[in-house]
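These notes concern the structure reproduced below.
There are 4 protein chains.
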Amino acid sequence: MSDFNIGLIGSGRIGQVHAGSIADTKGANLAWICDPFIEGAEKLAAEFGGTVTIEPEEVFTAGNVDVIVVASPTPTHLDMIDRAIDAGIHVLCEKPIDLDIAKVEKLRDKANAANVHIAIGFNRRFDPQFESIKDRVTAGDVGKLEQLVILSRDPGPAPRAYIAVSGGIFRDMTIHDFDMARNFVPDIVDVFAGGANVFSDDIKAENDFDSVNVVLRGRGGELITIVNSRHCSYGYDQRLEAFGDKGSLWADNVTATTVKHSSAAHTEAAEPLIDNFLVRYAVSYRRELALFLDGIRDGKNYNPTFDDGRAALILADAATESARTGKVVSVDGTL
Amino acid sequence: MSDFNIGLIGSGRIGQVHAGSIADTKGANLAWICDPFIEGAEKLAAEFGGTVTIEPEEVFTAGNVDVIVVASPTPTHLDMIDRAIDAGIHVLCEKPIDLDIAKVEKLRDKANAANVHIAIGFNRRFDPQFESIKDRVTAGDVGKLEQLVILSRDPGPAPRAYIAVSGGIFRDMTIHDFDMARNFVPDIVDVFAGGANVFSDDIKAENDFDSVNVVLRGRGGELITIVNSRHCSYGYDQRLEAFGDKGSLWADNVTATTVKHSSAAHTEAAEPLIDNFLVRYAVSYRRELALFLDGIRDGKNYNPTFDDGRAALILADAATESARTGKVVSVDGTL
Amino acid sequence: MSDFNIGLIGSGRIGQVHAGSIADTKGANLAWICDPFIEGAEKLAAEFGGTVTIEPEEVFTAGNVDVIVVASPTPTHLDMIDRAIDAGIHVLCEKPIDLDIAKVEKLRDKANAANVHIAIGFNRRFDPQFESIKDRVTAGDVGKLEQLVILSRDPGPAPRAYIAVSGGIFRDMTIHDFDMARNFVPDIVDVFAGGANVFSDDIKAENDFDSVNVVLRGRGGELITIVNSRHCSYGYDQRLEAFGDKGSLWADNVTATTVKHSSAAHTEAAEPLIDNFLVRYAVSYRRELALFLDGIRDGKNYNPTFDDGRAALILADAATESARTGKVVSVDGTL
Amino acid sequence: MSDFNIGLIGSGRIGQVHAGSIADTKGANLAWICDPFIEGAEKLAAEFGGTVTIEPEEVFTAGNVDVIVVASPTPTHLDMIDRAIDAGIHVLCEKPIDLDIAKVEKLRDKANAANVHIAIGFNRRFDPQFESIKDRVTAGDVGKLEQLVILSRDPGPAPRAYIAVSGGIFRDMTIHDFDMARNFVPDIVDVFAGGANVFSDDIKAENDFDSVNVVLRGRGGELITIVNSRHCSYGYDQRLEAFGDKGSLWADNVTATTVKHSSAAHTEAAEPLIDNFLVRYAVSYRRELALFLDGIRDGKNYNPTFDDGRAALILADAATESARTGKVVSVDGTL
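Residue numbers (the working numbering), protein chains in the order written: chain A, 1 to 335; chain B, 336 to 670; chain C, 671 to 1005; chain D, 1006 to 1340.
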């Protein structure tokens, strides 16, 4: 089978990750890089190849593009998906689909009826740790799943300018955890969220929380806890537990090596955690792309779908409302 | 200094633990054991000494009793404390003070004005793991405390008859975690609780939950998460994390030894957890008593007070209401 | 059954440990404390009870002594055992039996024919970690035992004066590891030892090693490695692995709690190790005594015997010779 | 800079690893694959590219080859290195250089005077775990290095036919550990080795050991322990400790994920170890090649040299003799 020609929309931080994944993936060819900031596209092309343009339309009409990877700013996501459908090009789009659920609903029927593969970039599903737990839960290693605990803390907060347009912590950061929750318990019925401002005046000034706790309930009574912080002194803290009637699976943090240090001050100390999500999740980004291409080959979609992206946004909206009203918000249609 | 003569009220499971603690504690002398089920008292006296009686009054009026340890059923607790105050005898009473906050309020002023030491048996404060974390948080090892995560699962549910009179999971089981939360963040202002029935028809039939998640918020914005289950296949799961701006302290479960086993099936497997709270917390029960006696000697109260017992019950009541209404319940007066 | 009256010979550091064990052990009564340094005996008696004397004979002839615990200096050990045999008193003697194998051989037949129980204080056999591994090896958890790795490092070297009369590192320190080796593989046939002087001028001046490596071979081909150092910056390092064809059991070090600390500097750091052998092995000293008394009650000897003490000394002598000659030394009669 | 054209000699198991490394390494181009078993070369070329031949001479005289990677059987190694020198081609040769130290000595002067880079494939130096320990020892994290403990066990023995021509366990398997020892302590002065036959009749029939223990002493008194077994039920056991006066660095085994499983049978069980050295050390093989190419670019040799390969063989020979004679064998010239 010939290679997939890929058009990459966006050459920023995430765009660079995807360019690296494409370069590392057999059967993937970086054909186009599109960014209105053309210097970014050119720099990436110099490293990984591909033709550059400032105009997405050029990519969609080039005629030789099989797959679009959307890594441009969130407000452009829906439009890119829409155009990809029209152009008959498969599309892997970064999260979130959009910050406005109403716009998502408008495209929903078209997206679900499309003849192309549409995937949303919840790459953490493909992290070897979390994927292993998912597989083992499916295989029955914990029996019936009853509780899920997700600890997820960023090394440090994004700049205030980013926070201002992020849609809030639930839509920007927790949305990964909402998708992870649905990865294990697709059908969520209740959302409760509590937020706090404990360290960042900038985030407070943007009327956003720097720390949140979320409790979700699945239709089968599964209780899911999410603990988030926008900062973490010891790195990028990403842990998960799946608890069932027959046992528990626990994913510890990932360090660069297994080396432990003992001294007069402490024993068995591991190295600081990887504090960069691009490094921490480098493998999952690569697996995300590889599985997306495999899915196209196999005629199946192995990745989170448009509806998965929509469901995560519904949960984020519910959490935003819950944190504001202090009430549980019931949701419908996350399945 | 001469020994403290101790009168033990109740010779059931917890009474036996306290009898063992008294026997192991220098300066403590088990003088009386009182139980309407006299065979229980006699059996305990045969092992640990002490005079038996079915009548508490005999203990209160004996004239040689310095300390009462109350391990009788919950409905008797307030009355025992009340009588101990009147008799001028120090009292260490098992949790909860009562299931009815109104009755607790009635005794509150008298209890706080009493000339005797009154302590409530939240022994987990004295577990070496949790106490070490508390000390290190106080010493600044995690900086400013921002989040607390409490994972607490019982090995298996109590019998249905016990559940029926327990006051519900929040007042019976989670109350330990409410006190632990207040051990780190005394002043709680918001309570949210979500409950589920995922494994026990008996508990459901009693209109109680078998699994709960609680989110508390402290006045300083601290977010506290409690994850409870009434069962746990791998033993008595008791973990805690204190997270702050400078780091995290995490208490793992306790196993009998440090031995790890590797085989074709797995590597580095620890032994099953201790599945019995009396064994798991044996040390904390002993330290609870020793500190109570130290406090009497020093004229200070190192143990959770009557008001701590009241505050935990207020949180349990708030959680019960929250789980019923799906709303955050604000509380006042847990400080 | 009435209590065992115990005569303790020696009130130094180890004597104090045994006094504590006696006080903590049901059915054990500290009847006598004997030390030529009478103030030491008196201080111990003030804390734990017992009659003091400077004259061992008084203890042997008191008529009410059931058990002698020998914690006096090594040169007195054989004589104390000899006298205990003559007096018909059971004897638990600290290691080593003696520094001179010839003297040990002289008493051997009498000791083995004695009507009293004789035990040598290799308390580590009763450490919960190592005992658990022994039990599990016996139960088949690693299949056929093939290799044993013993890592054993002291927190810091003894004073030079002690080193001078210690008999050398193999007879003084490694002897514990020789007994541990024989606990798993009783019949050792070959001994190789390599020593080095890497940090202590004092030890070098005494013509002793500060660091050693020993390789033992059992009759069944089992290979045993011992790694020793007279110092360890992070505490008292005591680890052991039993490796067989079906798996491995590994005993990690013991810390006071399970708490792990993460910060910008490191993650999951455990506390420093316990750096005092009396604290690290407090439980094993207690279990050693309890089992010795159980053995007397049951008419069996559950502790290391006179011949075990002799065998460990034979291995220490062989190691001393091997380190001097650079040759493997074959031994006979460690079984 | 243009790519390095690489000629790969040998398309067996190790040859396939190197082909994969070349494919994954930027600036490396697999130009030739040479194997008398031409089907092997063709299969590899189909996957990774390159021209195939049965005749090494064709590779040496092609004119466009910059680097030779030697993955052919051991008896061919010296000849390949010799020819590479003559052809002015850099050469990365698998371990061991040869089984006969006399042949190695013959080429030594020529090799050391050669104008090409010569590296021996002790890839474990480039394992992230061991390299991190090496870097941290160099940085002073353990103070002065005093002891090194190397635990190294293969998942299962090679076939008898391979054992027969392997040169014995010390030259075939332990040689990696000898190089690792020298990676930390280059100048070894004493070698002691003990071998045993505990599980394999095949290995015994070949007059080889299935399990060995080695003690090395460095010129500075450093004591190094190597524990080897030709089988390991739980996978490929590869651990290392560097111990110094200020602390210890310990490399635990590597598992595919950080996931731990708890159940009624055990707690915190990690996954079975990777049981294949090609997978376990995949990263180190890639880094070995990348550093070799970097070295050529920089005009420095970052890899183990011809003399490192010679020194490891000297230690293996000494261990073979020591295990036969039961004596320490002094070595000269491992520096």
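Positions of the beta carbon are idealized from the N, C-alpha and C atoms, including for glycine.
Going by DSSP in three states, residue i sits in which element: helix, strand or coil?
i	result
A:Gly333	coil
B:His596	strand
D:His1023	helix
D:Lys1332	strand
D:Gly951	It is not possible to answer for residue 951 of chain D, since the shown part of chain D is limited to 1006 through 1340.
C:Ile730	In the sequence as displayed, the identity of residue 730 of chain C is Phe instead of Ile. If DSSP states are grouped into helix, strand and coil, C:Phe730 belongs with the helices.
B:Arg574	strand
D:Gly1300	helix
C:Met671	Low per-residue confidence applies at C:Met671: pLDDT is 48, beneath 50, and the placement is therefore not dependable enough to give any value.
A:Ile150	strand
D:Ile1043	helix
B:Asn671	With chain B covering 336 to 670 only, the question about residue 671 of chain B has no answer from this structure.
C:Thr975	coil
A:Phe170	helix
Compare the C-beta of residue i with all C-beta atoms of chain A and state if any pair is closer than 7 Å.
i	result
B:Gly556	yes
B:Ala531	yes
D:Ile1027	no
How long is the line joining the alpha carbons of residue i and residue j, rounded to whole angstroms?
i	j	result
C:Thr925	A:Leu92	49 Å
A:Thr320	B:Gly475	33 Å
A:Met1	D:Pro1101	Summary for A:Met1: the model assigns pLDDT 48, below 50, so the residue's position carries little reliability, and this model does not support an answer.
B:Leu486	A:Ser152	16 Å
A:Trp250	B:Thr411	42 Å
C:Gly888	D:Lys1305	48 Å
C:Pro974	C:Arg683	21 Å
C:Lys713	C:Phe730	21 Å
B:Val594	C:Pro798	9 Å
D:Ile1086	C:Ala851	47 Å
C:Arg830	C:Ile755	35 Å
A:Gly244	B:Asn548	15 Å
A:Ile224	A:Ala282	26 Å
C:Thr844	C:Gly719	34 Å
B:Gly502	B:Thr473	34 Å
Against chain D, does residue i count as a neighbour if the rule is that its beta carbon must be under 7 Å from one of theirs?
i	result
C:Ala732	no
C:Met671	Because the pLDDT at C:Met671 is just 48, under 50, the model does not fix this residue reliably, and the value given afterwards should be weighed accordingly. It does not: the Cβ of C:Met671 has no partner Cβ on chain D nearer than 7 Å.
So residue i packs on residue j, CB below 8 Å; how close in whole Å?
i	j	result
A:Cys232	A:Asp154	6 Å
A:His266	C:Pro942	6 Å
Does any residue of chain B bring its CB to less than 7 Å from the CB of residue i?
i	result
D:His1181	no
A:Arg217	yes
C:Thr895	no
A:Ser152	no
D:Ser1238	yes
C:Ser802	yes
C:Gln799	yes
Does the CB of residue i have a neighbour CB from chain C at under 7 Å?
i	result
D:Thr1260	no
Review point. Is it true that the region 523 to 533 of chain B meets the region 189 to 204 of chain A, where meeting means three or more beta-carbon pairs spaced less than 8 Å apart?
Key: Yes: the two stretches touch, three or more of their Cβ pairs being nearer than 8 Å.
Practice item. Decide yes or no for the touch test of the region 103 to 118 of chain A against the region 1240 to 1250 of chain D: beta carbon pairs closer than 8 Å, at least 3 of them. Key: These segments do not touch.
Exercise for review: Please list the residues of the region 580 to 609 of chain B that have a C-beta atom closer than 9 Å to any C-beta atom in chain F, keeping them in chain order.
Suggested key: This model lacks chain F altogether; the protein chains it does include are A, B, C and D.
**Study point:** Segment contact flag, the region 690 to 703 of chain C with the region 655 to 669 of chain B, C-beta cutoff 8 Å, min 3 pairs
**Key:** Result no; under three Cβ-Cβ pairs closer than 8 Å.
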